[in-house]
Every structure is written in structure tokens, then in C-alpha cells.
Amino acid sequence: MTSTVPADAAVKLRNRAALIEKIGGYMHAHALGLAAELRLADLIHSGVDTSTALAAATGTHEPSLRRLLRLLASVGLTTEPTPGTFGLTEVGDLLRTDSPDSLYAFTRMFTHESHFSAWQGLAHAVRTGEAAWDHVFGKNIYAFLADLPELSELFNVAMGQESRIAAGHIAAAYDFSGVRKVVDIGGGDGTLVSAILRANPGLSGVVFDSPAGVAQAASVLAAAGLSERTTVVPGDFFEAVPDGGDLYIIKSVFQDWDDGPAKAILRTVRAHIPEDATLLIVGSVLPETAAPGEPIPFYTDMNMLVNSGGRERTESHFRTLLAETGFSVESVALKAAGPLSMIKATPV
Numbered sequence: 095m096t097s098t099v100p101a102d103a104a105v106k107l108r109n110r111a112a113l114i115e116k117i118g119g120y121m122h123a124h125a126l127g128l129a130a131e132l133r134l135a136d137l138i139h140s141g142v143d144t145s146t147a148l149a150a151a152t153g154t155h156e157p158s159l160r161r162l163l164r165l166l167a168s169v170g171l172t173t174e175p176t177p178g179t180f181g182l183t184e185v186g187d188l189l190r191t192d193s194p195d196s197l198y199a200f201t202r203m204f205t206h207e208s209h210f211s212a213w214q215g216l217a218h219a220v221r222t223g224e225a226a227w228d229h230v231f232g233k234n235i236y237a238f239l240a241d242l243p244e245l246s247e248l249f250n251v252a253m254g255q256e257s258r259i260a261a262g263h264i265a266a267a268y269d270f271s272g273v274r275k276v277v278d279i280g281g282g283d284g285t286l287v288s289a290i291l292r293a294n295p296g297l298s299g300v301v302f303d304s305p306a307g308v309a310q311a312a313s314v315l316a317a318a319g320l321s322e323r324t325t326v327v328p329g330d331f332f333e334a335v336p337d338g339g340d341l342y343i344i345k346s347v348f349q350d351w352d353d354g355p356a357k358a359i360l361r362t363v364r365a366h367i368p369e370d371a372t373l374l375i376v377g378s379v380l381p382e383t384a385a386p387g388e389p390i391p392f393y394t395d396m397n398m399l400v401n402s403g404g405r406e407r408t409e410s411h412f413r414t415l416l417a418e419t420g421f422s423v424e425s426v427a428l429k430a431a432g433p434l435s436m437i438k439a440t441p442v
């Protein structure tokens, strides 16, 4: 049947629907978090695919669970090929705990109630420039995680999952010829160093992070068979970083900090980096002007404001930070590491 809605009214209806869909973003996030908590993707992948069977396996109310699964289907995470039977899309498959590309822990972490609570303080952050997390919880996110070991471990695993694909791109895209030792500052569980060393058998590596940050690094490196070629060093990058590297990598760290702390980290690195070594910054680089189409870096930018008082930066902003802390930018490779960019700098 041909629509009888006038063209101008149809446009208004589409615009209204687009806004309502965006308003409902928090509903999608809560639904996604529950799907991960219930491990629905694991169950569906294993063949438990009807709402009746899934409800029995998860101890949930079948009619309500079915409604949740249908919402997930509407946003592209599940499918419903026949009424009450569900499958996974390629996106939904990333919620499997056993997927090689799993974002299960990442999903659990960023749909955790603490993050929803922190975002309730967004207005405070925008009005003051202060981290909403500190305002809501009375302590910064790092102190908060330190008090909750299980959540801290989930955070570390989540960061490793986020790093996995980018790590492969970095290992493939960067020219490691002439490099003998890689020092990963803020290296977390060693995911990035593992990818680089697997691709470059002649290299050794150092994973440097806070004691909590490197808590899982030794086991990750051991599982990769790289323990003899790596050193795990706990420490504080505001105080010192390991000496003697040829290549210092800082991936997805500066976004956690505003300019004052970011400069302090860079000055610490400048004090310890050999004069002939290279600094490689890997992370999001915002466009100089915002436009529709790629919202994820802007989500991350606001999430950093809410959670830690940090920020994402444009290329010109990075160039200014580096120039003010004793570095010269040699090259900027936009999106060379998947969605992340690589900024190569040297000491001056």
C-alpha cells in the first residue's frame, strides 16, 4: 500500500524517530549489559536458542526474557528467524566469552552500575570540568577500582580485549627494524607487547604499569610463551619509566588525563628516554571539526570527562603537548591501527 503521509510530514516523522532512538540509547546499554551478565551469547552459540530454553538456563521469566531478546534483535545483536527462536549476529557474537574477538569483559565493565552512576554526574562535569566519577563516588576511578579487586580485574581484562585488535594492527603497521627493546608504558596485561614480540622474534619487551595494571601481565605473557623475552615492571609513570628502550609506546593512556597530567607523563618519559629512541603514541585522534558518522571517539572523549577528567585530542593538540615537553613529531598515521592513530615522535 502506498503511503498517504505527505513528504514533509514523513521527514518530520523520521527525524522524530531518530531522536527517540538516540534517547533510548541508555535502554540499549542496560539491555546489552544484562545480556552479557546472563551470557546469552554463549548459550545461543551452544544451541540453547529458544526463549523457553534460555529462560530455564538463566533462571529468568520467559515472557520478559523473550522481550529482551526481541529488543536485542531490533538493534542488531540477535536474530529471530522464527517466533521465539533466536540466533546471533556477527556483532552479537562478540559477546561470547570464548570468541577470539570477545568484548564480553569490555561490555560488562562499561555497562557496570558504577559507570551508569558516574554518568548521572555529567552535568557536574560539564559545568565544572571536573570528573563526574570523583563527584559521585568521592574518590577517583583508580582508587575506586583499587577497593574492588574483582572489578579491577574485570577492568584489566576489558582493556586487554579493547587492545587486542589494535595490537595486531600496530604489530603489522609499524616498522620495527632497528628496534631491540620495546617499552610499553601503561602496558596493562601485556596484550600489546605480546602481539609485537610474536611478530618480531628478535625483540625483547618491557610491560610497565601500576601494580594493579600489570597484575595479569605475567600470566598473559607466559601463556604466549614470551616470559623469557619480557620484563614486567610495576611503577608510576609520573615518577619514572624504565630506561634503555629503543621504542617507547604509550597506547590509550593520554585520554585518561587532562593536559596537566598528560604533560607530566611526557616530561617523565623525556627524562628517561634515550636521545636516539622513538616515542610512539597510539590512540584516537579527533578531527579538527565534528561531523556525523563516527561518534565513537566523541563517546570516548565524554566518557573520559565523566570518569577521569581526561579527554581525547586533535592532531594539533597532540603536536602542542609534545612540543611543550621536549618532543618533535615525525609523522602522524591516522587510523593506522584500526580505529586508532599512530603519532611518531623523537626527543629534541
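Counting with the numbering used here, you get residues 95 to 442 for the letters of the sequence shown.
A virtual CB, placed ideally from N, CA and C, is assigned to each residue, including glycine.
Values in this document were obtained by computation on a predicted structure and should not be read as measured data.
Nearest to residue 438 (by Cα), restricted to the options 426, 405, 266, 431: Considering only 426, 405, 266, 431, the residue with the shortest C-alpha distance to residue 438 is 426.
Residue 279, DSSP secondary structure in three states: If DSSP states are grouped into helix, strand and coil, residue 279 belongs with the strands.
Top-ranked residue by Cα proximity to residue 287, from 301, 208, 108, 269: 301
Buried/exposed call for residue 436, threshold 16 Cβ in 10 Å: buried
Residue 337 versus residue 195 - alpha carbon distance: 34 Å
Three-state secondary structure assigned by DSSP to residue 393: helix
Opposing strand residues paired with residue 407 [DSSP bridges]: 379
Minimum length 4: unbroken alpha helix (DSSP H) runs contained in the segment 149 to 200: 156 to 168
Under 7 Å between C-beta atoms of residue 363 and residue 431: no
Residue 162 versus residue 108 - alpha carbon distance: 24 Å
Stretch pair the segment 242 to 260 + the segment 185 to 204: three plus CB contacts closer than 8 Å: The segment 242 to 260, when compared against the segment 185 to 204, does touch it at the 8 Å Cβ threshold.
Alpha carbon of residue 327 to alpha carbon of residue 420, nearest angstrom: 25 Å
Proximity to residue 355 [Cα-Cα], best of 173, 371, 331: 331
Euclidean distance between Cα positions of residue 169 and residue 144: 19 Å
Contact under 7 Å by Cβ, residue 159 with residue 149: yes
CA-to-CA distance, residue 295 to residue 358, given in whole angstroms: 33 Å
Residue nearest to residue 293 in terms of C-alpha spacing, selected from 279, 191, 269: 269
Length of the line joining the Cα atoms of residue 245 and residue 239: 6 Å
Neighbourhood of residue 255 by C-beta, 7 Å cutoff - its chain only, sequence neighbours within 5 removed: 196, 197, 199, 200
Contact test: residue 117 Cβ vs the ligand FMN heavy atom, cutoff 6 Å: Inclusion of the ligand FMN in the displayed structure is not the case, the ligand content being empty and no account of it being possible.
Other residues of its chain near residue 323: CB distance less than 8 Å, five sequence neighbours each side excluded: 291, 297, 298, 299
Where the beta strand (DSSP E) containing residue 424 begins and where it ends: 421 to 431
Alpha carbon of residue 110 to alpha carbon of residue 394, nearest angstrom: So the two alpha carbons sit approximately 26 Å from each other.
Residues bridged to residue 343 [DSSP beta-bridge criterion]: 278, 374
Contact under 7 Å by Cβ, residue 280 with residue 379: no
Contact under 7 Å by Cβ, residue 265 with residue 289: yes
Helix, strand or coil at residue 140 according to DSSP, with G and I counted as helix: coil
Whole-Å CB distance - residue 191 paired with residue 258, under 8 Å assumed: With a Cβ gap of about 14 Å, residue 191 and residue 258 do not count as contacting.
Coarse secondary structure for residue 242, derived from DSSP in three states: Residue state, collapsed to three classes: coil.
Buried or exposed by the 16-neighbour rule on C-beta atoms within 10 Å, applied to residue 99: Its Cβ having fewer than 16 others within 10 Å, residue 99 is exposed.
Three-way DSSP call (helix, strand, coil) for residue 435 in this model: In this structure, residue 435 counts as strand in the three-state DSSP scheme.
Inter-residue spacing [alpha-carbon to alpha-carbon] between residue 422 and residue 213: 37 Å
Pair within 7 Å by beta-carbon distance, residue 353 and residue 402: no
Buried or exposed (CB count within 10 angstroms, at least 16 for buried), residue 373: buried
Boundaries of the alpha helix (DSSP H) in which residue 99 is found, first to last residue: Segment: none, residue 99 is in no alpha helix (DSSP H) and carries neither H nor E.
Under the three-state DSSP convention, the category residue 442 falls into: coil
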